[in-house]
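Colleague:
In the numbering used here, the protein residues as written are 28 to 361.
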């Protein structure tokens, strides 16, 4: 609409004004976060951590989604213009892409927090949906353009929050900024490499082949990640009590399972009041040994060490007055 109303000069002026307003708002509203204490890190430690699969997998997915997003924003208007569509129609396609991504991302984040979606499953689905959107861009006319915009927006909306959530789950808190900065570098590489790949293929053959090349690349990456996950699956699974073992890179970013979220309840007898709890049998109470073999205070020592060294109960010797009997006790007190 801005280009139709005043040309590209009006578009760039409005975007510059919006950027200045957002910069002033961020300077006033965003609080200063102090750095966390951290241990010393060498270049080898950084290379080892950035070369781990828990970092490379989500970063590659983010780079692929950003490449598709930049291709959709940059080349869908070119396809619309080649099909004879006007500026408003091509701009509406780009707006549909951005609006779809803006709607999908909060829903995906909410599903991840609620445990209804796993990060790895969402990343694979997002890459496949994005590849389908690039394939739909080959279709002629406005329907193909809008379908490509919606599918690319939905795919990038799936990948972006899940990729960053997986990175955050596999990163120590004191290295969060470094990891996110490195992941953003990967996204920028995808942002630059995607349009270059499509443009080079379009210059050699046609624009449709450029879309197809990027779609095949995204689908191949998703299928390779799926095959790798199936081969390495089951390395770390939570046990029956819900206590998960050491997290593996394949499980990074996954929400807790139902067993892990289930509260652990005590026995009903332990929750009952003291006067309602079942008491032990008298014979069992008498057979209980005191802690560390020491008799309670005020009671005679009735414990003797057995042949094996363990303390076993020994009944006290019965001392009874010879003049007393069960029917006629004497008054001596014995």
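Cβ atoms here follow ideal geometry from the backbone N, Cα and C, with glycine treated the same way.
1) Is it buried or exposed for residue 260, if we count other Cβ within 10 angstroms and need 16 for buried?
2) Who are the Cβ neighbours of residue 236 in its own chain at under 8 Å, not counting the five residues just before and after it?
3) In this structure, does DSSP put residue 197 in helix, strand or coil?
4) What would DSSP say about residue 30, mapped onto helix, strand or coil?
5) Taking C-beta to C-beta, are residue 100 and residue 121 nearer than 9 Å?
6) Could you check which residue in 198, 191, 135 has the C-alpha nearest to that of residue 180?
7) Taking the alpha carbon of residue 188 as the point to measure from, which residue in 169, 104, 138, 168 has its own alpha carbon closest?
8) Excluding sequence positions up to five away, which residues of its chain have a Cβ less than 7 Å from the Cβ of residue 169?
9) Please tell me whether residue 185 has its Cβ less than 9 Å away from any Cβ of chain B.
10) Could you pull the start and end residues of the alpha helix (DSSP H) that residue 79 belongs to?
11) Is it right to say residue 147 is buried, meaning 16 or more other beta carbons lie within 10 angstroms of its own, or is it exposed?
12) Would you check if there are 3 or more beta carbon pairs closer than 8 Å linking the region 82-98 to the region 184-204?
13) Can you tell me where the alpha helix (DSSP H) holding residue 137 begins and where it ends?
14) Exposed or buried, residue 255, counting other C-beta atoms within 10 Å across all chains shown (16 or more means buried)?
15) Measuring straight from C-alpha to C-alpha, what distance separates residue 200 and residue 64?
16) Consult DSSP for residue 64 and reduce its assignment to one of helix, strand or coil.
17) Quick one: is residue 217 buried, meaning 16 or more other Cβ sit within 10 Å of its Cβ, or exposed?
18) Quick check on residue 145: does DSSP put it in helix, strand or coil?
19) Could you check whether residue 246 and residue 154 sit closer than 9 Å to each other, using their CB atoms as the reference points?
20) Under 9 Å, do residue 161 and residue 239 count as touching if we go by C-beta distance?
21) Would DSSP call residue 54 helix, strand or coil?
Modeller: Let me lay it out:
1) Reliability fails at residue 260, whose pLDDT of 48 lies under 50, so the model's placement of it is uncertain and the value that follows must be treated cautiously. Under this definition residue 260 is an exposed residue.
2) 228, 229
3) coil
4) helix
5) yes
6) 135
7) 138
8) Here the set comprises 112, 116.
9) Included in the structure is just one protein chain, with no chain B present.
10) Element bounds for residue 79: n/a, residue is neither H nor E.
11) Around the beta carbon of residue 147, 16 or more other beta carbons sit within 10 angstroms, so the residue counts as buried.
12) In short, these stretches touch, since the Cβ pair count reaches three.
13) 114-141
14) exposed
15) 10 Å
16) coil
17) buried
18) Correct three-state label for residue 145: coil.
19) yes
20) yes
21) helix
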